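A.B. asks:
In this note's numbering, the protein residues as written are 23 to 171.
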C-alpha cells in the first residue's frame, strides 16, 4: 500500500486547519444545544407522602438545568509517527521542499535513511501554533504563513 506524499509545511497546515475546525464545530454544537433547550422540559409526578396511594404532585423541570454550564473545547492535538525525510525540487520554487516519507522501505536492510520519530503538537493555549519534536528534541520553526507551501 502506498502512502500519500506531501511536504512538511502542507501537513502542518492541514493539521492546524483540521484542529481549528474541530474546535469551532464543538463550540457551535454546544451553542445550538443551549439555544434549543428553552422549550424542552421533563414532567414528573412526585408522591406527596411515602404511602402507596398518596396523591401525586406534577413537577416540571427544564432540561437546561441538567446541562453542564461549562463549554467543552478541543484543547490539543498531538500526532506522532515514524518518518524518513527527503528533499525534493518543486517546479517553480527556488529551494527544495522537505517531504515526509512514511512508507516502510521495501528492503529495510538496504535503506540508508534512518527512520525518525516525529511528533507534531497543537495547543489552543498557544493559538494552535505547531510544536515539532524530532526524536524527542524540539525544533525551532520559522513563523508560519497563511498558506501551505
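Beta carbons are placed, not taken as given, at the ideal position from N, Cα and C, and that holds for glycine.
Predicted model, so just to flag it, every value in this text is computed and none were measured.
Is it the case that the stretch 102-112 contacts the stretch 45-65, given that we only count it when at least three CB pairs across the two stretches are under 8 Å?
C.D. replies: Counting Cβ pairs under 8 Å, fewer than three are found: no touch.
A.B. asks: Determine, using beta carbons only, whether residue 137 and residue 104 come nearer to each other than 7 Å.
C.D. replies: The answer is yes: Cβ separation under 7 Å.
A.B. asks: Beta carbon of residue 95, beta carbon of residue 45: below 7 Å?
C.D. replies: Their beta carbons are under 7 Å apart, which means residue 95 touches residue 45 by this criterion.
A.B. asks: Only counting runs of 4 or more residues, tell me where the alpha helix (DSSP H) segments fall wholly within the stretch 70-158, in order along the chain.
C.D. replies: Qualifying alpha helix (DSSP H) stretches: none in this window.
A.B. asks: Using the rule of at least 16 other Cβ atoms within 10 Å of the residue's Cβ for burial, across every protein chain shown, is residue 38 buried or exposed?
C.D. replies: Counting Cβ neighbours within 10 Å, residue 38 comes out buried, since at least 16 surround it.
A.B. asks: For residue 143, which residues in the same chain have their Cβ closer than 6 Å to its Cβ, ignoring the five residues on either side in sequence?
C.D. replies: If we look at residue 143 and ignore the five residues flanking it on each side, its Cβ neighbours are 100 and 153.
A.B. asks: If you drop the 5 nearest sequence neighbours on each side, which residues of the same chain put their C-beta closer than 6 Å to that of residue 68?
C.D. replies: If we look at residue 68 and ignore the five residues flanking it on each side, its Cβ neighbours are 79 and 81.
A.B. asks: Using CA coordinates, which residue listed in 53, 161 and 123 is at the minimum distance from residue 86?
C.D. replies: Of the listed residues, the one whose Cα sits closest to residue 86 is 53.
A.B. asks: Based on Cα-Cα distance, which residue from 158, 93 and 145 lies nearest to residue 42?
C.D. replies: Taking only the C-alpha atoms, the option nearest residue 42 is 145.
A.B. asks: Got a sec? Which residues, its chain only, sit under 6 Å from residue 84 by beta carbon, not counting five neighbours each side?
C.D. replies: Excluding sequence neighbours, residue 84 sits near 63.
A.B. asks: In chain order, what residues of the same chain lie with their CB nearer than 8 Å to the CB of residue 126, ignoring the 5 residues before and after it?
C.D. replies: Excluding residues within five positions, none has a Cβ falling inside 8 Å.
A.B. asks: Let me check one thing: in DSSP terms, what residues is residue 55 bridge-paired to?
C.D. replies: In DSSP, residue 55 forms no bridge with anything.
A.B. asks: Could you tell me how far apart the beta carbons of residue 93 and residue 51 are, in whole angstroms, since I believe they sit closer than 8 Å?
C.D. replies: Contact doesn't hold; Cβ gap of about 10 Å is too wide.
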